[in-house]
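Shown next, in structure tokens, is the structure this report addresses.
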Amino acid sequence: MNPAELRAAFPVLDRLAYLNAGTCGPVPRAAVEAARAELESAAEAGRWTPYFERLRDLQARHRAAYAARVGARPEDVALTTSTTDGVARVVAALGLRRGDEIVTSDEEHPGVYGPLVAARERLGVRVRAVALADVADAIGPDTALVACSHVGWVSGAVAPPALAEVVNVPVLLDGAQGAGAVPVDVGALRCAFYAAAGQKWLCGPIGTGLLYVAPEWRERLPPAGPGHVNLGDPHAGLDAVPHGDARAHDASALPPEASAFALAADAVLGAFGWDAVHARARELAERLAGALRERGLTVAPRGETTLVAWETDDAPAVRDRLAAAGVVVRDLPGTPLVRASVGAWNDEGDLERLLTALEAGARGRG
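Numbering (the working numbering), first residue to last: 83 to 448.
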């Protein structure tokens, strides 16, 4: 598959310069067809034993695919509903107590801050936010958890490599802007937990995600609220115990059409080659960042990632002007930044369309 063929797999790109995978990735036509086929089968054949056998098979393949995206074994990955779902499961089950400290960064997504604030209010833990580059250095004697982004959602900055050297304190990485966007190897990151979303750079459906649980944390992270899918023998009554692997942390309900959608999207990107997906997206993003700088715009400090954010004096207005020109980006509330999320499915024409629309807007205001 070449870049033009990859692009052709996403219908939205026929109309728009879609640069918003950091929120939701574009939907491949093959994923729509796969989900439709599962729904049609359920409608025609009903939902009884064959349906649930099919569901288990799809979920096993879904788990294996998402595990591969973060360099993990399937048995170490739970299927969740979102990044926040995974973060919340860890924070709730970790056994945090009053006096414990959580170190986080000052540029985290609300989906990370939410569970941390809940732990502060409910358990009496202390939450301390520092610059993302400083999270490893901020660990102290009371630190019971480090929870921060692998790739920051605002600027695309990357967590410091020193986090991989942390011992005796578990590290929980928010991989929403990592999985599918950049190469991820949880073994090399040496994190205890890695939570990510399916609907962003993996181009899957909303309501899907993953949570990696390092093997050494299996017995130390009891599931916060186990249900039928989490139990080794769900028919053992009060003697039922959770699975001994990451399935203990699966979301309670994931329909077959969601797994079929996710698998079809993964197959489209896999046909292009995941190394090529990562390399092309990073190259295009760097090209966009350079072009913005050449035009005198201030680009937020970023790593070798797929996010490019730049400063404006009215981010919502810029977002709307770009949308009117057929360019989809987003503003970042509370900041002066507009963010473009550049994927392998984009091309130079998308970047030029964005730059042209920005120049036209500047002339119009001048």
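The beta-carbon is built from N, C-alpha and C at its ideal position, and this holds for glycine as well.
- Your pair Val169 and Val207 does not check out as a contact, with CB atoms roughly 14 Å apart and the cut at 8 Å.
- Only exposed fits Leu121, as fewer than 16 other CB atoms lie within 10 angstroms of its CB.
- Between the C-alpha atoms of Val311 and Leu366 there is a straight-line separation of about 41 Å.
- By a beta-carbon distance limit of 8 Å, Ala363 does not contact Pro110. Their separation comes to about 15 Å.
- Scanning its chain for C-beta atoms nearer than 6 Å, with the 5 sequence neighbours on each side dropped, one finds around Gly260 the residues His232, Val233 and Val266, in chain order.
- Closest in C-alpha terms to Pro337, from the list Asp139, Thr105 and Leu101, comes Asp139.
- Classified as exposed, Thr438 has fewer than 16 neighbouring CB atoms from the shown chains inside 10 Å of its CB.
- Its chain contains Ala211, Val212, Ala213, Leu214, Val217, Cys230 and Ser231 as the residues whose beta carbon lies nearer than 7 Å to that of Ser187, once the 5 sequence neighbours on both sides are disregarded; these appear in chain order.
- In this model, Thr380 and Pro324 are separated by some 51 Å (Cα to Cα).
- For Glu376, there is no enclosing beta strand (DSSP E); the enclosing alpha helix (DSSP H) covers residues Trp356 to Glu376.
- Membership of Asp96 in any alpha helix (DSSP H) is not indicated, and neither H nor E is assigned to it by DSSP.
- Close CB contacts of Ala407 within its chain, under the 6 Å cut and outside five residues either way in sequence, are with Ala439 (chain order).
- Annotated three-state conformation of Gly385 is coil, per DSSP.
- The bridge partners DSSP lists for Asp256 are Ser231 and Ala277.
- Among the bridge pairs identified by DSSP, Ile184 is matched with Val209 and Leu227.
- For the options Arg143, Trp392, Arg145 and Ala442, the alpha carbon positioned closest to that of Pro418 is the one of Trp392.
- Take Arg401, set aside five residues on each side of it, and the residues of its chain with a beta-carbon closer than 7 Å to its own are Val411, Arg412, Asp413 and Val420, in chain order.
- Val295 carries a strand assignment under DSSP once its states are collapsed to helix, strand and coil.
- Non-local beta-carbon contacts of Leu404 in its own chain, meaning distances under 7 Å to residues more than five positions away in sequence, involve Val411, Leu436 and Ala439 in chain order.
- Counting only runs of 4+ residues, the alpha helix (DSSP H) found wholly inside the stretch 106–193 occupies 111–127, 131–151 and 165–175, in chain order.
- DSSP places Pro324 in the strand class (E or B) of the three-state scheme.
- Leaving aside the five residues that flank Val249 on each side, none in its chain has a CB nearer than 6 Å to its CB.
- Collapsing the DSSP output to three states places Leu313 in a strand.
- Rounded to the nearest whole angstrom, the C-alpha separation of Asp348 and Ala112 is 10 Å.
- Using a C-beta cut-off of 8 Å, the stretch 95–106 makes no contact with the stretch 302–320, since fewer than three inter-stretch Cβ pairs fall below that distance.
- By alpha-carbon distance to His144, the top candidate from Gly425, Trp427, Val409 and Arg329 is Arg329.
- The three-state reading of DSSP puts Val249 in coil, since its state is none of H, G, I, E or B.
- DSSP, read as helix, strand or coil, puts Arg300 in coil.
- At the C-beta level, Val185 and Ala220 come within 7 Å of one another.
- Excluding residues up to 5 positions away in sequence, Pro110, Arg111, Ala112, Val350 and Trp427 lie with their Cβ nearer than 8 Å to the Cβ of Ala91 in the same chain.
- Per DSSP, Leu336 lies in no alpha helix (DSSP H) segment and is marked neither H nor E.
- Using a 10 angstroms sphere on the CB of Asp256, the tally of other CB atoms reaches 16 or more, which defines it as buried.
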